[in-house]
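Read left to right, the sequence shown gives residues 613 to 831 (our numbering).
Every residue, glycine too, gets a C-beta built ideally from N, C-alpha and C.
Just so it is clear, the structure is predicted and the values come from calculations on it, not from any experiment.
As structure tokens, the structure follows; a few thoughts come after it.
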Amino acid sequence: MNILETLGDFGGILVGFLLTIAILSFVIKDNPLYRLAVHVLVGVSAGYAVVIVINEVVLPLFDTLSRSTSLTARLYWIVPLILAAMLLLKLIPRTAWIGNSAMAVIVGVGAAVGLLGAIVGTLLPQILVQYDDALLSIGIGLLAIIALAYFFFTARQSEQGLAKMPNWYPYVGAAGRVVITMTLAGLFAGALNTSIVLLVQRVGFYMESFARIFEVFLP
613 MNILETLGDF GGILVGFLLT IAILSFVIKD NPLYRLAVHV LVGVSAGYAV
663 VIVINEVVLP LFDTLSRSTS LTARLYWIVP LILAAMLLLK LIPRTAWIGN
713 SAMAVIVGVG AAVGLLGAIV GTLLPQILVQ YDDALLSIGI GLLAIIALAY
763 FFFTARQSEQ GLAKMPNWYP YVGAAGRVVI TMTLAGLFAG ALNTSIVLLV
813 QRVGFYMESF ARIFEVFLP
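Here's what the structure looks like:
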């Protein structure tokens with residue numbers, strides 16, 4: 613490794629190190645360095661996403677439309693193009709209301725796909741993978757139903773005109789709250805463990821990188 617390559621690597625490592633310190637400074641309190649690092653992260657992510665969308669979605673779409681000679685194939689893209697145009701109108705205050713319909717379609721389709729994916733891709737596989745243990749499968753399904761029952765907010769009007777929940781809701785709702793709390797606690801513990809592992813890896817990476825660079829200048 614020559615001096616120029618070392619200086620180039622050192623510049624990238626130094627920028628990453630300073631951004632890491634700026635992010636970790638939020639542990640002490642909110643400060644301008646942390647906000648600057650967050651703005652850099654959001655800006656770079658947004659720019660990267662725009663470039664990916666243009667190169668992987670927009671340009672291939674127009675390339676496909678220009679090469680296609682079939683009217684049916686071209687009509688196939690009318691709906692997404694109309695929705696995209698409606699979304700762009702949200703940038704103008706006077707026409708922003710036109711994009712609400714497109715947003716409703718996108719959110720509705722996204723919610724339906726997400727719900728179907730959660731059921732087919734997560735819940736059912738977890739139940740079916742334990743087909744040899746029927747009790748465990750029943751327990752997983754029962755806990756899922758109890759957790760969903762916690763979000764039951766339909767009440768009927770009593771004779772006094774007050775909203776009255778079903779008689780089973782206080783017990784099932786309390787059980788659902790316990791299940792959700794245990795789930796969130798497990799997720800938080802996993803996130804905390806992952807954060808600690810990433811911190812240790814970052815510290816080890818920078819120590820190794822700076823040591824390798826110093827060996828070049830101070831053999």
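Rounded to whole angstroms, the gap between the alpha carbons of PRO672 and ILE664 is 11 angstroms.
Residue pairing for ALA775: DSSP places it in a beta bridge opposite GLN769. Taking the C-beta atoms as reference points, ILE739 is found nearer than 7 angstroms to ILE752. The DSSP assignment places complete alpha helix (DSSP H) segments of no fewer than 4 residues inside the segment 681-733 at 683-687, 690-700 and 711-730, in order along the chain.
Look at TYR783 here: in three-state DSSP terms it is helix. Nearest to ASN779 by alpha-carbon distance, out of PRO644, GLY788, VAL790 and ALA767, is ALA767. For VAL670, no alpha helix (DSSP H) run applies, since DSSP gives it neither H nor E. Residue range 746-761 is occupied by the alpha helix (DSSP H) that includes LEU754. Only buried fits VAL791, as 16 or more other CB atoms lie within 10 angstroms of its CB.
The residue among VAL691, LEU687 and GLY711 with its C-alpha nearest the C-alpha of MET698 is GLY711.
Looking at the backbone, the Cα of ASP621 and that of VAL650 are separated by about 23 angstroms. In this chain, the alpha helix (DSSP H) harbouring ILE739 covers 736-740.
Here SER680 has ARG686 as same chain residues with Cβ atoms under 8 angstroms from its own Cβ, once five neighbours each way along the sequence are excluded.
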